[in-house]
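Q: If you scroll down you'll find the structure; I have some questions about it.
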Amino acid sequence: MPERDEVSWNSIISGYVGSGEIEKARDLFEEMPVRRNIVCWTSLINGYGKEGNLNEMLGLFLQMLVSVDDVGPNSATMVCLLSACSSLSDFKLGKLVSIFIDVNEIPLNTILSTALIDMYLKCGDLEKAWRLFDGISCKSLVSWNALITGYVQRGLLEEAVRLFYLMQAESVKPNEITMVNVLSACAGLGALELGREVHIYLGRKGLDLNVILATALVDMYSKCGRLIDACLVFVKTTNKDVALFNTMILGLAYHGHGRDSLAVFAEMEKNGPDANDVTFIGVLSACNHSGLIEEGRVQFSNMVKKQKLIPKVEHYSCMVDLLGRAGYLDEAFEMIQNMEVPPDSIIWGSLLSSCRIHRNIELADKIGEAILSSQDPNLGFCILLSNIYASVGRWKDVARVRRLVKEKGIKKPSGCSWIEVDGVIHRFLVEDSIHLQSKEIYEIHEFVTNQLKVEGYVPNFDFVLKNIDGM
DNA sequence: GTAGGGTTAG
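This note's numbering applies: residue 10 is where the first sequence begins, and numbers increase by one.
As structure tokens, then:
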């Protein structure tokens with residue numbers, strides 16, 4: 010074997026790590042005739058981290074600390090550890106790594122700070138993340154992206170959009186990853202105008218419209234009610250993967266285009282990628298939203314028997330809702346009882362609302378018990394139950410539900426809706442008067458309501474939930 | 001040797 014220096018050993022080891030041949034890399038690493046430097050150690054540590062083997066990764070790191078090679082971990086080593094903790098959501102270990110960095114005064118460069126920001130955002134410690142971000146003297150695009158991504162993933166969508174503007178004000182140019190996150194925020198906010206601007210920007214910059222960006226666009230357009238634009242992006246995208254198909258199937262399903270949604274699914278079964286469990290959430294919702302009962306039954310059995318997918322509570326939830334609405338209450342009830350997963354209050358609530366529609370008090374009684382004794386009773390369902398009792402004059406039961414709600418301290422955050430007009434997001438709460446044009450808005454609302462009456466609309470007060478004191 | 005991305009019921 011020809012003599013090799015440290016540097017060429019490093020590149021051989023990292024080559025094997027890069028191509029996923031971690032065992033080969035490890036064997037060579039053990040037999041190396043020259044001193045193993047920090048690059049070599051870090052390379053192998055990273056290899057274990059990337060394949061999700063935290064135990065081996067940590068073992069190797071500890072081995073390094075006591076090895077005769079006498080190397081100390083540097084910033085890159087810590088980035089590898091943090092990156093593994095973050096992708097495997099092991100935040101306990103991540104915090105330990107962070108403490109190690111502090112104690113050993115490992116220098117914080119931009120990359121290490123960014124890795125720490127990512128970790129702290131995922132744990133929900135926004136303050137620490139911000140302190141780190143402020144401390145970066147040379148904020149990179151990736152640092153901004155980590156911050157924006159973290160905000161989007163925590164559901165802080167308006168703030169994420171604000172960060173996006175702030176980033177541009179600092180003359181940092183966004184890339185695909187920034188745009189995916191901004192589009193995701195737009196989808197959640199219903200911010201069609203900003204979403205469109207992003208789409209136009211992508212076209213103008215000639216940025217590669219990869220399948221991830223396409224998915225984010227399709228999702229944004231569907232959730233903002235622009236199904237035609239969603240379809241256009243979907244059709245134009247080559248190399249469609251399962252997530253893109255799922256997004257399109259769900260988008261069509263939401264908007265009541267059950268048949269079209271199923272057609273996309275059929276196309277996927279024929280020429281596309283394999284379906285997964287998310288696909289069937291879309292397929293079953295398509296059947297549900299379009300009242301395709303028989304099709305729903307067929308697809309559910311297709312999922313279990315042909316595709317060998319194990320149904321989750323979400324799939325059962327779709328089926329229970331589908332069957333319940335159509336009046337097959339006993340079948341829906343039986344399905345909940347025979348599931349191999351524990352029912353949550355949501356699935357019970359769905360069946361309960363079907364009981365109300367079909368006025369099945371006996372079943373509502375049974376479900377009521379299940380909801381009230383469950384871990385997470387939902388206030389909405391308690392009110393629903395109480396209204397069902399009220400509708401048949403069972404006032405004692407109404408009082409019992411009300412007492413339980415008080416005792417358990419069940420609360421519900423107030424509902425909120427918002428709309429974006431000319432890039433400004435307007436937010437509304439029930440019966441609020443916060444908006445500056447509140448007076449005009451209520452006037453128009455009254456006008457529309459009157460117009461509906463003129464056109465012959467008669468509201469069905471039967472289904473309006475009664476507000477009960479203390480609930 | 002090193003940081004960041006899309007789809008999930010009611």
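The beta-carbon is built from N, C-alpha and C at its ideal position, and this holds for glycine as well. Fair warning: this is a prediction, and the values are worked out from it, not measured in the lab.
For residue 226, which of helix, strand or coil comes out of DSSP?
A: For this step, residue 226 is matched to residue 217 along the first sequence. Of the three classes helix, strand and coil, the one that applies to residue 226 here is helix, per DSSP.
Q: If you run the structure through DSSP and keep just helix, strand and coil, what is residue 272?
A: Residue mapping note: residue 272 aligns to position 263 of the first sequence, counting from 1. Residue 272 falls in the helix class under three-state DSSP.
Q: Which whole-angstrom value is the C-beta distance of residue 298 and residue 263, which I expect to be below 8 Å?
A: What you label residue 298 is simply residue 289 of the first sequence in a count that begins at 1. What you label residue 263 is simply residue 254 of the first sequence in a count that begins at 1. Between residue 263 and residue 298 the Cβ distance is about 7 Å, and since that is below 8 Å, they are a contact.
Q: Compare the Cα-Cα distances from residue 4 to each of 311, 225, 138, 21 and report the closest residue.
A: No answer is possible for residue 4: it lies beyond the span of the chain, which begins at 10 and ends at 480.
Q: Have a look at residue 15 and residue 38 and give me their C-alpha separation to the nearest angstrom.
A: Your numbering for residue 15 matches position 6 in the first sequence. Your numbering for residue 38 matches position 29 in the first sequence. Approximately 11 Å between the Cα atoms of the pair.
Q: May I have the straight-line CA-CA distance separating residue 194 from residue 455, to the nearest angstrom?
A: Looking up residue 194 in the first sequence gives position 185. Looking up residue 455 in the first sequence gives position 446. Approximately 32 Å between the Cα atoms of the pair.
Q: For a quick check, are the C-beta atoms of residue 126 and residue 155 less than 8 Å apart?
A: In the first sequence, the residue the question calls residue 126 occupies position 117. In the first sequence, the residue the question calls residue 155 occupies position 146. Result yes, Cβ atoms of residue 126 and residue 155 sit closer than 8 Å.
Q: Kindly confirm or deny that the segment 317-326 and the segment 281-291 touch, where touching means at least three C-beta pairs closer than 8 Å.
A: Yes: at least three Cβ pairs fall under 8 Å.
Q: May I ask you to report which of helix, strand or coil DSSP gives residue 349?
A: Numbered from its first residue, the first sequence carries residue 349 at position 340. Of the three classes helix, strand and coil, the one that applies to residue 349 here is coil, per DSSP.
Q: When you compare each of 348, 346, 342 to residue 361 by their alpha carbons, which one comes out closest?
A: Working through the first sequence from its first residue, we reach residue 361 at position 352. For the residues 348, 346, 342, the minimum Cα distance to residue 361 belongs to 342.
Q: Residue 346 to residue 403, Cα distance in whole Å?
A: Position 337 of the first sequence holds residue 346. Position 394 of the first sequence holds residue 403. In a straight line, the C-alpha of residue 346 is about 27 Å away from that of residue 403.
Q: From residue 354 to residue 108, what distance separates their C-alpha atoms?
A: What you label residue 354 is simply residue 345 of the first sequence in a count that begins at 1. What you label residue 108 is simply residue 99 of the first sequence in a count that begins at 1. Approximately 40 Å, taken between the alpha carbons.
Q: Beta-carbon separation of residue 248 and residue 291 under 8 Å?
A: Along the first sequence, read from residue 1 onward, the residue named residue 248 stands at position 239. Along the first sequence, read from residue 1 onward, the residue named residue 291 stands at position 282. Not closer than 8 Å, so no.
Q: Excluding sequence positions up to five away, which residues of its chain have a Cβ less than 6 Å from the Cβ of residue 309?
A: Here residue 309 is taken as the residue at index 300 of the first sequence, counted from 1. Within the same chain, residue 309 has close Cβ partners 328.
Q: Go through the segment 350-385 residue by residue and report every complete run of the alpha helix (DSSP H) that reaches 4 residues or more, in order.
A: Listed in chain order, they are 354-366, 370-381.
Q: Got a sec, what are the start and stop residues for the alpha helix (DSSP H) residue 188 sits in?
A: On the first sequence, position 179 is the one that residue 188 refers to. Unbroken alpha helix (DSSP H) run through residue 188: 185-198.
Q: Rounded to whole angstroms, what's the CA-CA distance from residue 275 to residue 45? Just pull it up for me.
A: The residue you call residue 275 lines up with position 266 of the first sequence. The residue you call residue 45 lines up with position 36 of the first sequence. Roughly 55 Å between the two C-alpha positions.
Q: Measuring only the C-alpha atoms, how far is residue 106 from residue 86?
A: Against the first sequence, residue 106 aligns to sequence position 97. Against the first sequence, residue 86 aligns to sequence position 77. Each residue's Cα considered, the two are about 10 Å apart.
Q: Give the single residue among 166, 157, 201 whose Cα lies nearest to the Cα of residue 183.
A: The residue labelled residue 183 in the question sits at position 174 within the first sequence. It is 157.
Q: Using C-beta distances below 8 Å, list every residue in its chain close to residue 441, excluding the 5 sequence neighbours before and after it, in chain order.
A: For the purposes of this step, residue 441 is taken as residue 432 along the first sequence, with counting starting at 1. Within the same chain, residue 441 has close Cβ partners 447.
Q: Grab me the residues of residue 236's own chain with a C-beta within less than 6 Å of its C-beta, minus the 5 sequence neighbours each way, in chain order.
A: On the first sequence, residue 236 is found 227 positions in, with the first residue counted as 1. Hits under 6 Å: 264.
Q: Measure the alpha-carbon distance for residue 395 versus residue 370 and round it to whole angstroms.
A: For the purposes of this step, residue 395 is identified with residue 386 of the first sequence, where counting begins at 1. For the purposes of this step, residue 370 is identified with residue 361 of the first sequence, where counting begins at 1. One C-alpha to the other measures close to 12 Å.
Q: In angstroms, rounded to a whole number, what distance separates the CA positions of residue 473 and residue 397?
A: Numbered from 1 along the first sequence, position 464 holds the residue referred to as residue 473. Numbered from 1 along the first sequence, position 388 holds the residue referred to as residue 397. With a pLDDT of 47 at residue 473, under the threshold of 50, the modelled position of this residue cannot be trusted, and the question is left open.
Q: Keeping to the same chain, check which residues put their C-beta closer than 6 Å to that of residue 129; ignore five residues upstream and five downstream.
A: By 1-based counting over the first sequence, the position of residue 129 is 120. Here the set comprises 137, 138.
Q: Apart from the five residues just before and just after residue 7, which ones in its own chain have a Cβ nearer than 7 Å to its Cβ?
A: Nothing can be reported for residue 7, as the shown portion of the chain is limited to 10 through 480.
Q: Unbroken alpha helix (DSSP H) runs of length 4 or more, entirely within the segment 244-311: which are they?
A: Those alpha helix (DSSP H) runs which fall completely within the segment 244-311 and span 4+ residues are 251-263, 267-280, 286-298, 302-310.
Q: Using CA atoms only, rank isn't needed, just tell me which of 334, 72, 382 is closest to residue 368.
A: Here residue 368 is taken as the residue at index 359 of the first sequence, counted from 1. Residue 334 is the option with its Cα nearest to residue 368.
Q: Taking only the alpha-carbon atoms, compute the straight-line gap between residue 272 and residue 443 and give it to the nearest angstrom.
A: As a working mapping, residue 272 is identified with position 263 in the first sequence. As a working mapping, residue 443 is identified with position 434 in the first sequence. Cα to Cα, residue 272 sits roughly 45 Å from residue 443.
Q: Using beta-carbon positions only, say whether residue 413 and residue 388 come within less than 8 Å of one another.
A: Position 404 of the first sequence, counting from 1, holds the residue named residue 413. Position 379 of the first sequence, counting from 1, holds the residue named residue 388. Contact: no.
Q: Return the CA-CA distance between residue 75 and residue 113, expressed in angstroms with no decimal places.
A: Counting from one through the first sequence, the residue named residue 75 turns up at place 66. Counting from one through the first sequence, the residue named residue 113 turns up at place 104. Whole-angstrom Cα-Cα distance: 15 Å.
Q: Considering only the alpha carbon of each residue, which of 63, 240, 81 lies closest to residue 99?
A: Numbered from its first residue, the first sequence carries residue 99 at position 90. For residue 99, the nearest C-alpha among the options comes from 63.
Q: On the three-state DSSP scale, how would you describe residue 152?
A: Reading the first sequence from its first residue, position 143 is the one you call residue 152. DSSP places residue 152 in helix when its eight states are reduced to three.
Q: Comparing C-alpha positions only, which one of 161, 364, 93, 377 sits nearest to residue 61?
A: Within the first sequence, residue 61 is the residue found at index 52, counting from 1. Of the listed residues, the one whose Cα sits closest to residue 61 is 93.
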